[in-house]
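For the sequence shown, the numbering used here assigns the number 60 to the initial residue and increments by one for each residue that follows.
Here a beta-carbon is modelled for each residue, glycine too, at the ideal position from N, C-alpha and C.
These notes are about the structure you will find just below.
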Amino acid sequence: MRNILIYIAMVGIMLQAGCGTMFENDRTSPEFGSSVRMAVASQTANPEAGGDAPVVGIDGQYAAAMVARYQAGPSTADDSDSGAVTGDAQ
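Here it is, written out as structure tokens:
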């Protein structure tokens, strides 16, 4: 009978010790999901993208010519004079 009481006491102590770590306070454990938020923030190229500021940096005529060239597709004729890398004709 004495051994049963010792075993019950040991199991009770183990259960109390195991459940004690379930309720950690905020000072000892970091906020849940903070590593994911930090990884997403570090991968953001321009955090101010999509704002109301006007787009700056490309000429309108050049952009229109680029779009026209893109829509025309690749040219079938070879525009280079020679096949040499340096451009020297043999």
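In this structure, how does DSSP classify residue i when only helix, strand and coil are distinguished?
| i | result |
| --- | --- |
| Ser-94 | helix |
| Gln-102 | coil |
| Ala-112 | coil |
| Gly-132 | coil |
| Met-125 | helix |
| Ile-65 | helix |
| Met-154 | Nothing in the structure corresponds to residue 154, since the chain is present only between 60 and 149. |
| Ile-117 | coil |
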